[in-house]
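Going letter by letter, the sequence shown gives residues 1 to 405 in full-length UniProt numbering. Backbone N, C-alpha and C fix where the C-beta goes; we use that ideal spot for every residue, glycine too. Bear in mind that the values here come from a model prediction, so they are computed numbers and not experimental data. A short worksheet on the structure shown next.
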Amino acid sequence: MSGIRREVAVVGGGLTGWATAVGFAQAGFDTVLFAPSHAADRRSTALIGPSVDFIEGLGLGTDLRSVGQAMTTMRLVDDTRRLLRAPTVEFRASEIGRDAFGVNVMNADLMRLLRERAAQLGDRLTVVEDPILDVTPTQGAVVLRSAGLEVRADLAVGADGRNSVIRQSAAIALKTWAYPQSAVVLNFMHDRDHHSTSTEFHTRTGPFTQVPLPGRRSSLVWVEEPATADLLVDVHRGRLSCMVEERMHSILGAVEVEDGIQRFPLSGATVARMSGQRSALVGEAAHVFPPIGAQGLNLGLRDAADLVAIAAQHRDDPGSATMLREYETRRRADVASRTVAVDLLNRSLLTGFLPVQALRNVGLGLLSSSSALRRLVMREGTGPGLGFRRPFGNGRSISPGRDGV
1 MSGIRREVAV VGGGLTGWAT AVGFAQAGFD TVLFAPSHAA DRRSTALIGP
51 SVDFIEGLGL GTDLRSVGQA MTTMRLVDDT RRLLRAPTVE FRASEIGRDA
101 FGVNVMNADL MRLLRERAAQ LGDRLTVVED PILDVTPTQG AVVLRSAGLE
151 VRADLAVGAD GRNSVIRQSA AIALKTWAYP QSAVVLNFMH DRDHHSTSTE
201 FHTRTGPFTQ VPLPGRRSSL VWVEEPATAD LLVDVHRGRL SCMVEERMHS
251 ILGAVEVEDG IQRFPLSGAT VARMSGQRSA LVGEAAHVFP PIGAQGLNLG
301 LRDAADLVAI AAQHRDDPGS ATMLREYETR RRADVASRTV AVDLLNRSLL
351 TGFLPVQALR NVGLGLLSSS SALRRLVMRE GTGPGLGFRR PFGNGRSISP
401 GRDGV
């Protein structure tokens with residue numbers, strides 16, 4: 001078995017893992033990425049605020065804008081058809097001095113860009129496609145073993161998802177829960193221009209969210225009861241296209257659903273801590289969300305950005321206890337607040353309890369009527385803490401490019 005020494009070892013072949021590894025290597029750390037191949041991913045991700053900044057910081061800003069679609073408006077529509085219904089809320093990036101909230105990009109395109117950037121980093125980033133077989137944290141290093149290779153690293157980063165071997169090796173407790181829902185994910189073409197607008201319909205079974213893609217195309221996350229979701233995956237494409245158009249109240253005209261429909265059961269998870277001995281967790285190794293408010297990958301990329309930045313401040317020992325404590329402190333509030341907010345919003349859609357419906361409707365009503373409150377929420381959504389630091393002023397504009405992003 002051959003052995004190598006690296007400053008940072010990242011485990012995980014998804015988008016968060018690749019972005020984290022590229023970030024460390026670009027910051028000058030000798031990095032190894034354990035990235036077993038993944039199945040083709042037909043989903044898209046709406047990258048918001050700091051996530052766009054991080055990807056741009058990796059040298060991919062121009063490429064990202066060339067394959068992605070700007071999002072300038074986000075609309076929330078109460079489609080629960082209950083006795084108490086909230087008014088429609090529309091968030092416009094221009095209200096906070098931005099050209100756009102972010103960019104919606106196909107996951108496969110973002111993965112291609114990250115791989116191409118990794119190849120440009122040469123020996124600074126070694127990619128291993130074999131899965132991890134064993135992880136042993138010690139006081140001086142973390143030892144990671146795959147088939148035929150042993151790596152000793154100052155810091156091991158778990159970007160390896162819900163069943164993280166890094167989390168397990170660090171004995172970090174995981175709390176999980178399930179929702180009585182599944183998400184059907186698909187892409188579709190439509191007759192009318194989306195005008196860079198994302199519309200989220202709140203229904204009794206969960207959110208039904210359209211997010212714009214380049215051209216007259218959009219992605220869709222349709223949350224339903226599991227039995228209904230199972231049926232939707234097998235529905236004839238023509239019939240499913242009509243169902244999507246009907247659910248969207250024909251705001252985009254006639255719809256044609258594309259091949260590659262996927263279904264995912266919804267669940268949530270959180271960890272007791274985000275670090276262990278010479279180990280740190282990012283992405284779904286540390287937190288799992290239902291697909292509401294584009295929080296999942298965005299939160300993981302914020303984890304990665306903070307971890308790389310803090311490690312760079314502790315260049316002499318990127319896996320030190322001091323560095324990991326600082327990472328833990330910086331990420332905890334952001335993760336905890338998003339976990340609670342997404343969970344409460346999702347459960348508020350499912351409950352038939354009138355007082356809960358009333359509270360949700362009052363909150364959305366205030367957002368609809370108060371521009372100051374909308375600006376605060378938009379800033380907090382695009383950059384954690386910005387809403388409370390500058391609740392009434394204008395925010396900065398993210399880099400201009402395709403359709404304003």
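Could you give the first and the last residue of the continuous alpha helix (DSSP H) run that contains M243?
Indexing the sequence shown from 1 puts residue 243 at position 243. Start and end: 237-247.
First and last residue of the alpha helix (DSSP H) that includes V52?
The residue labelled residue 52 in the question sits at position 52 within the sequence shown. Where V52 is concerned, the enclosing alpha helix (DSSP H) stretches over 50-55.
What is the DSSP secondary structure of D109, counted as helix, strand or coil?
On the sequence shown, position 109 is the one that residue 109 refers to. In this structure, D109 counts as helix in the three-state DSSP scheme.
Any idea if Q120 is buried or exposed, counting beta-carbon neighbours within 10 angstroms, 16 or more meaning buried?
Residue mapping note: residue 120 aligns to position 120 of the sequence shown, counting from 1. Exposed, because fewer than 16 other Cβ atoms sit within 10 Å of the Cβ of Q120.
Determine the direct distance from the alpha carbon of A304 to that of A19, and round the result to whole angstroms.
As a first step, residue 19 must be located in the sequence shown, where it is residue number 19. As a first step, residue 304 must be located in the sequence shown, where it is residue number 304. Whole-angstrom Cα-Cα distance: 7 angstroms.
Do the CB positions of V105 and T45 come within less than 9 angstroms of each other?
Here residue 105 corresponds to residue number 105 of the sequence shown, with the count starting at 1. Here residue 45 corresponds to residue number 45 of the sequence shown, with the count starting at 1. Yes; because the gap between Cβ atoms is below 9 angstroms, this pair is in contact.
Taking the Cβ atom as the reference point for each residue, do V103 and R65 lie within a distance shorter than 9 angstroms?
As a working note, residue 103 is residue 103 in the sequence shown. As a working note, residue 65 is residue 65 in the sequence shown. Closer than 9 angstroms, so yes.
Residues in the same chain with beta-carbon distance under 8 angstroms from R115, minus the five sequence neighbours each way, listed in chain order, please.
The count along the sequence shown starts at 1 and reaches residue 115 at position 115. For R115, where only same-chain residues beyond five positions count, the Cβ hits under 8 angstroms are W18.
For A93, which residues of its own chain have a beta-carbon under 6 angstroms away from its beta-carbon, when the five flanking residues on both sides are left out?
As a working note, residue 93 is residue 93 in the sequence shown. Excluding positions up to five away in sequence, the list reads T72, A100, F101.
At what residues does the alpha helix (DSSP H) containing P226 begin and finish?
Position 226 of the sequence shown, counted from the first residue, corresponds to residue 226. Its alpha helix (DSSP H) spans residues 226-234.
Please classify W222 as buried or exposed, where buried requires at least 16 other C-beta atoms within 10 Å of its C-beta.
Residue 222 sits at position 222 when you count from the first residue of the sequence shown. So W222 ends up on the buried side.
Please classify H195 as buried or exposed, where buried requires at least 16 neighbouring CB atoms within 10 angstroms.
For the purposes of this step, residue 195 is identified with residue 195 of the sequence shown, where counting begins at 1. Exposed, because fewer than 16 other Cβ atoms sit within 10 Å of the Cβ of H195.
If the criterion is Cβ atoms closer than 9 angstroms, does the pair M243 and F201 meet it?
Reading the sequence shown from its first residue, position 243 is the one you call residue 243. Reading the sequence shown from its first residue, position 201 is the one you call residue 201. Not closer than 9 angstroms, so no.
Taking P111 as the reference, give the member of L15, T176, R332 with the closest Cα.
Taking the first residue of the sequence shown as 1, we reach residue 111 at position 111. The sequence shown places Met at residue 111, not Pro. When only C-alpha atoms are compared, the closest one is L15.
Less than 9 angstroms between the beta carbons of P290 and L324, yes or no?
For the purposes of this step, residue 290 is taken as residue 290 along the sequence shown, with counting starting at 1. For the purposes of this step, residue 324 is taken as residue 324 along the sequence shown, with counting starting at 1. No.
Just curious, the beta strand (DSSP E) that L252 is in, first and last residue?
For the purposes of this step, residue 252 is taken as residue 252 along the sequence shown, with counting starting at 1. Premise fails: L252 is in no beta strand (DSSP E) and is neither H nor E.
Thinking C-beta only, is K175 closer than 9 angstroms to T270?
Numbered from its first residue, the sequence shown carries residue 270 at position 270. Numbered from its first residue, the sequence shown carries residue 175 at position 175. Yes; because the gap between Cβ atoms is below 9 angstroms, this pair is in contact.
R6 and L58 - do their beta-carbons sit closer together than 9 angstroms?
Position 58 of the sequence shown holds residue 58. Position 6 of the sequence shown holds residue 6. No, the pair does not count as a contact, with Cβ atoms beyond the cut-off.
Buried or exposed: P180, going by 16 or more other Cβ atoms within 10 Å of its Cβ?
Reading the sequence shown from its first residue, position 180 is the one you call residue 180. Its Cβ having fewer than 16 others within 10 Å, P180 is exposed.
Could you say which of A341, A321, T322, D317 lies nearest to D30 if we only look at CA atoms?
To locate residue 30, count along the sequence shown from 1; it is residue 30. Ranking A341, A321, T322, D317 by Cα distance to D30 puts D317 first.
Reducing DSSP to helix, strand and coil, say where R168 ends up.
Working through the sequence shown from its first residue, we reach residue 168 at position 168. Before going on, a small fix: residue 168 reads as Gln here, not Arg. Three-state DSSP puts Q168 in a helix.
Report buried or exposed for L344, applying the criterion of at least 16 other Cβ atoms within 10 angstroms of its Cβ.
Here residue 344 corresponds to residue number 344 of the sequence shown, with the count starting at 1. Burial call: exposed.
So, do the segment 164-172 and the segment 270-281 have three or more beta carbon pairs nearer to each other than 8 angstroms?
Yes, they touch.
What does residue 406 pair with, by DSSP beta-bridge criteria?
Here the chain comprises residues numbered 1 to 405, so residue 406 is not present and cannot be evaluated.
I'd like the list of long-range same chain contacts for A25, defined as Cβ closer than 6 angstroms, with 5 residues on each side in sequence excluded.
Here residue 25 refers to the residue found at position 25 of the sequence shown. For A25, where only same-chain residues beyond five positions count, the Cβ hits under 6 angstroms are T31, L121, R124, L125.
Counting pairs of Cβ atoms below 8 angstroms between the segment 201-217 and the segment 184-192, do you hit three or more?
Segments in contact, yes.
Let me know the secondary structure DSSP gives R6 once reduced to three states.
Position 6 of the sequence shown holds residue 6. If DSSP states are grouped into helix, strand and coil, R6 belongs with the strands.
Would T80 and T228 be called neighbours here (beta carbons separated by less than 9 angstroms)?
For the purposes of this step, residue 80 is identified with residue 80 of the sequence shown, where counting begins at 1. For the purposes of this step, residue 228 is identified with residue 228 of the sequence shown, where counting begins at 1. No, the Cβ-Cβ distance between T80 and T228 is not below 9 angstroms.
Just reading off the alpha helix (DSSP H) that F24 is part of, what are its end residues?
In the sequence shown, residue 24 corresponds to position 24, counting from 1. Start and end: 15-26.
Taking the beta strand (DSSP E) that D78 falls in, what are its first and last residues?
Start at 1 with the first residue of the sequence shown, and residue 78 comes out as number 78. Where D78 is concerned, the enclosing beta strand (DSSP E) stretches over 73-78.
I'd like to know whether the C-beta atoms of G12 and V157 end up nearer to each other than 9 angstroms.
Here residue 12 refers to the residue found at position 12 when the sequence shown is read from its first residue. Here residue 157 refers to the residue found at position 157 when the sequence shown is read from its first residue. In this structure, V157 lies closer than 9 angstroms to G12 by Cβ.
For a test of the three-state rule: what should DSSP assign to S94, helix, strand or coil?
Here residue 94 corresponds to residue number 94 of the sequence shown, with the count starting at 1. The answer is helix: DSSP assigns S94 an H, G or I state.
Could you give the distance in angstroms between the alpha-carbon of P36 and the alpha-carbon of T88?
To locate residue 36, count along the sequence shown from 1; it is residue 36. To locate residue 88, count along the sequence shown from 1; it is residue 88. Roughly 44 angstroms separates the two Cα atoms.
From the DSSP output, read off the bridge partner residues of P212.
Stepping through the sequence shown from its first residue, residue 212 is reached at position 212. Answer is S218, bridged to P212.
Among the residues of its own chain, which have a CB less than 8 angstroms from the CB of I251, if the five just before and after it don't count?
Walking along the sequence shown from the start, residue 251 turns up at place 251. Excluding positions up to five away in sequence, the list reads R192, T199.
Kindly indicate which residue of G253, V211, A309 has the alpha-carbon position closest to the one of Q69.
If you number the sequence shown from 1, residue 69 lands on position 69. Answer by Cα proximity: V211.
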